[in-house]
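Note that our numbering has the sequence shown beginning at 1314, numbered continuously upward. Note that the Cβ used here is the ideal one computed from N, Cα and C, for glycine as well.
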Amino acid sequence: MKKNISIIRLLAVFCLFSVLLCGCATKISTVPRKRVVSQRTKTKVWKSKKPTRKVASGPVRYSKLSESSATIAARRLSAKSQSMRTWRELGPQIRKSIEYVQRNPSGGLALRRNELRLTWGQLRKSLEDLERLLPRLDRNPELLGKYFVWYELQSGAEMTGYYTPVIEASLTRKGPYKYPVYRVPPDLRKARPGQTHPWSEQLRKAYRVEN
C-alpha cells in the first residue's frame, strides 16, 4: 500500500513536474558529493531511513527504470488504493494541470538537473498523453509503463505537492461574502531565483520584512 501511494505521488509530481516517477526504495551505497551553492543559501539535506543513517545533501537522486521494470511497477498501481473508483477521476485535475502548464513558455525549462532537463512543452505533451490514456488504465495500468519514462528515487526521499488555491469571491459585499480580500502588503519581498532553491531556480519564495 505504501509503495503504491509513493508511486502515485511521484506520478502527480512529474506530471506537474511530468516524467512519471516510481517511489520504490533503494539502498544508498555512497554519499553523493556536495553541490557548491551560494553561502547565503542553506543546502537542502535529507536523511536515509536505512539503519546506517547516512546523510545526502542536494537534490534527491534517482535512476531511470527499464521499460520492463516500469511496466511491472505500473501493474501494481490501483485506483482503489488511491481512494478512487476509477482512474477517470483524475481527469479534472489533469486538465487543470494542463491549463497551468500552458501559461508557461513552451520552450522554457520546467525542470533543470544535470542528468535531466524538461521543457514546459514536454510536460504539456506528457499530461495530454496521460489524459488520453485515462479511460484505458482501469483495465490496463501497465500502459503507464509503456508510454512514459519512469524513475526510481533513492530511499529517504520525501515528495511535496504544489497547488493553486481557488477561492470563491464577490466584487461587492453581500451574502456570505462579508470580508474584503486585502491588497498585497507593501513589505512583501520575493527571493531571487536560486537563492532558496539552488537546484530549482524557477521557484521563488515570498516573505515579509519585519522590524
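Please look up how many angstroms separate the CB atoms of G1458 and A1387, rounded, as I've assumed it's under 8 angstroms.
To locate residue 1458, count along the sequence shown from 1; it is residue 145. To locate residue 1387, count along the sequence shown from 1; it is residue 74. With a Cβ gap of about 4 angstroms, G1458 and A1387 count as contacting.
Quick one: what does DSSP say K1518 is sitting in, helix, strand or coil?
Within the sequence shown, numbered from 1, the residue matching residue 1518 stands at position 205. Residue state, collapsed to three classes: coil.
Quick one, are the C-beta atoms of I1385 and L1443 less than 8 angstroms apart?
Residue 1385 sits at position 72 when you count from the first residue of the sequence shown. Residue 1443 sits at position 130 when you count from the first residue of the sequence shown. Contact: no.
Spatial neighbours of M1397 in its chain, beta-carbon cut-off 8 angstroms, leaving aside the 5 residues before and after
Here residue 1397 refers to the residue found at position 84 when the sequence shown is read from its first residue. For M1397, where only same-chain residues beyond five positions count, the Cβ hits under 8 angstroms are L1403.
DSSP state of S1391, grouped into three classes?
Looking up residue 1391 in the sequence shown gives position 78. Residue state, collapsed to three classes: coil.
Beta strand (DSSP E) segment containing L1422, residue limits:
The residue labelled residue 1422 in the question sits at position 109 within the sequence shown. It spans L1422 to R1425 - the beta strand (DSSP E) in which L1422 sits, taken as one unbroken run.
K1491 versus L1484 - alpha carbon distance:
Locating residue 1491 in the sequence shown gives position 178, counting from the first residue. Locating residue 1484 in the sequence shown gives position 171, counting from the first residue. K1491 and L1484: Cα-Cα distance of roughly 11 angstroms.
List the endpoints of the continuous beta strand (DSSP E) containing S1376.
Along the sequence shown, one-based indexing puts residue 1376 at 63. It spans Y1375 to K1377 - the beta strand (DSSP E) in which S1376 sits, taken as one unbroken run.
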